[in-house]
Amino acid sequence: MLRRYKAILLFLASLFLLVLLSLFVKQWLLQDTWWLEGYQWIDWMHDIGHFYMNFLSTETGKHFLLGFLFPLLYTSMILTVFNIGFIAFFILFRRWRSINNYVYFSRMREKTEDVLLEYLYGDKDAAMVKLRSLNRRILVKEMVGLRKQIIGSKADQLRSLFYELHLDDFIIRKIKYSRWFNKIMYIDAAQWMLVTRAEDVIEPYQYVTNVYIRNVAQVACISLSPDSAFSFLNVLEYPLPVWHQIILYKSMVLSSVPIPDFYAYLRSDNTTVVLFALNMIRLFSQRGDEEKIIALVSHEDPIVRRNALKVICDLKIYQAMETVKQYFQKETIRNQVNMVHVLSLDKTEETLDFYKTIWIETKPNVRMEILKHIEPALRKKLQDTMPSERGFNETISNIHA
226 MLRRYKAILL FLASLFLLVL LSLFVKQWLL QDTWWLEGYQ WIDWMHDIGH FYMNFLSTET
286 GKHFLLGFLF PLLYTSMILT VFNIGFIAFF ILFRRWRSIN NYVYFSRMRE KTEDVLLEYL
346 YGDKDAAMVK LRSLNRRILV KEMVGLRKQI IGSKADQLRS LFYELHLDDF IIRKIKYSRW
406 FNKIMYIDAA QWMLVTRAED VIEPYQYVTN VYIRNVAQVA CISLSPDSAF SFLNVLEYPL
466 PVWHQIILYK SMVLSSVPIP DFYAYLRSDN TTVVLFALNM IRLFSQRGDE EKIIALVSHE
526 DPIVRRNALK VICDLKIYQA METVKQYFQK ETIRNQVNMV HVLSLDKTEE TLDFYKTIWI
586 ETKPNVRMEI LKHIEPALRK KLQDTMPSER GFNETISNIH A
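Convert by adding 225 to the 1-based position in the sequence shown; the result is the number in my numbering.
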């Protein structure tokens with residue numbers, strides 16, 4: 226609503242300025258001489274308007290409305306011509322500038338690459354003199370790109386060169402004061418060059434609304450502060466997309482970050498954080514407070530419940546059996562299938578008795594899963610207890626087929 230009012234006010238203000246400008250143009254057209262007289266294109270524009278204004282002035286009674294509207298129309302035409310010319314000039318200028326910048330940066334990138342390779346594999350002293358005179362922005366970008374492709378002693382040399390050129394101070398300053406899309410590049414540079422002094426500057430960006438800055442800052446802080454790598458998960462309010470969860474995992478592995486206690490994040494109000502913690506617990510087979518995982522079987526989000534069931538099955542948490550049985554009938558069909566996988570860990574007669582009580586109300590595809598995951602002896606007992614159940618016999622036939 227506020228934006229609509231702003232648009233209306235802007236329109237009225239523009240209309241008011243157009244009327245004022247048209248009054249000035251009207252006075253200009255009624256005069257025989259003016260201060261810019263002598264420029265051919267201005268004279269031509271004045272003469273045309275002056276002719277029509279004189280014609281309308283001599284017959285005021287007949288053309289009163291046209292006499293009022295003509296200055297507005299003429300002013301609009303003049304502004305349109307100027308706008309078209311300005312836009313055309315602006316487009317051409319931007320194109321010329323972008324081509325020049327592209328050529329300049331291409332040459333500088335090639336030069337920077339050559340000098341960096343000379344430093345790593347050739348004359349270091351001569352290369353150092355050249356490096357000090359290069360564009361720092363391009364130098365940072367090329368050094369980070371090269372660092373992503375090399376490992377070992379050469380990577381250490383490149384990092385030492387980064388500090389020797391005082392580029393760590395440069396990127397910290399740029400992270401503070403540059404525009405958001407440039408901040409991303411410099412935060413990434415701080416991560417790959419392990420500029421630990423930049424951690425305090427980057428840390429607040431883990432919680433900003435801009436998703437691009439937020440994600441790259443979270444990844445950077447994992448490398449820069451391994452001891453508190455995932456501390457942002459405690460207060461994160463924004464969603465944690467699956468693709469970003471994968472990036473966080475890869476960054477943790479590449480940086481050899483100690484595996485944190487992911488059980489601490491299972492009670493987060495952010496559903497995506499809980500899902501990430503469950504995935505990490507399952508991936509690393511991490512042991513912890515199993516009651517926290519069992520409690521998620523009754524979580525309000527079905528995706529969280531499904532992932533909790535997968536963790537219970539993979540970690541073989543036998544204490545969850547009673548809870549799984551309690552919520553079996555209330556679950557979705559897809560989650561019931563996962564519950565069957567969990568209950569298959571228990572080969573006792575109690576599980577067989579449970580299947581007997583829920584068999585009639587269970588969907589056919591869930592029945593199929595039950596029969597797939599119980600032992601032949603238990604399957605035979607289940608068949609003997611319900612010999613008249615047509616659906617059961619059909620399901621048994623499908624299993625044997």
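The beta-carbon is built from N, C-alpha and C at its ideal position, and this holds for glycine as well.
CA-to-CA distance, SER385 to ARG512, given in whole angstroms: Each residue's Cα considered, the two are about 40 Å apart.
Looking only at its chain, what residues have a beta carbon closer than 6 Å to the beta carbon of LEU255, apart from the 5 residues adjacent to it on each side? Result list for LEU255: MET278, in chain order.
Pick out the complete alpha helix (DSSP H) segments inside the stretch 382 to 433, 4 residues or longer, and give them in chain order. Those alpha helix (DSSP H) runs which fall completely within the stretch 382 to 433 and span 4+ residues are 392 to 402, 405 to 417 and 424 to 427.
Reference VAL562; option with closest CA among ASP578, THR587, LYS581 and LEU540: Nearest in C-alpha terms to VAL562, of all of ASP578, THR587, LYS581 and LEU540, is THR587.
For LYS373, which option in ASN360, LEU449, ASP413 and LYS401 has the closest C-alpha, if you only look at C-alpha atoms? Here the closest residue by C-alpha is ASP413.
For VAL426, which residues from the same chain have a beta carbon less than 7 Å from its beta carbon, with the 5 sequence-adjacent residues on both sides left out? Closer than 7 Å at the Cβ level, and outside the excluded window around VAL426, lie ILE397, ILE400 and LYS401.
Rounded to a whole number of angstroms, what is the C-alpha to C-alpha distance between TYR490 and SER331? Their backbone Cα atoms lie some 46 Å apart in a straight line.
Taking ALA352 as the reference, which of VAL478, ARG362 and VAL340 has the closest Cα? Selected option, being the one with the closest Cα: VAL340.
Tell me whether the beta-carbon of PRO485 lies closer than 9 Å to the beta-carbon of PHE457. Cβ distance not < 9 Å, so PRO485 and PHE457 don't count as in contact.
Under 9 Å between C-beta atoms of PRO464 and ASN435: It is not a contact, given that the beta carbons lie outside the stated cut-off.
Inspect the CB distances between the stretch 567 to 587 and the stretch 546 to 559 and report whether three or more fall short of 8 Å. With a cut-off of 8 Å, the stretch 546 to 559 and the stretch 567 to 587 count as touching, because enough Cβ pairs lie within range.
When GLU574, ALA445, TRP321 and ILE506 are compared against MET410, the one with the closest alpha-carbon: The residue with the shortest Cα to Cα distance from MET410 is ALA445.
Cβ pair ARG224, TYR432 closer than 9 Å: What is shown of the chain runs 226 to 626, which leaves residue 224 out entirely.
Skipping 5 residues on each side, what residues in its chain have a beta carbon closer than 8 Å to that of LYS408? In the same chain as LYS408, and ignoring 5 residues on each side of it, the C-beta atoms closer than 8 Å to its own belong to LYS399, ILE400, TYR430 and ILE438, in chain order.
Return the residue from the list PHE487, VAL549 and TRP417 that minimises the CA-CA distance to LYS366. When C-alpha distances from LYS366 are compared across PHE487, VAL549 and TRP417, the shortest belongs to TRP417.
State buried or exposed for GLU516, treating a residue as buried only when at least 16 other CB atoms are found within 10 Å of its CB. With a 10 Å radius around the Cβ and a threshold of 16 neighbouring Cβ atoms, GLU516 comes out exposed.
How should ASN532 be labelled, buried or exposed, when 16 other C-beta atoms within 10 angstroms of its C-beta is the threshold for buried? Its Cβ being crowded by 16 or more others within 10 Å, ASN532 is buried.
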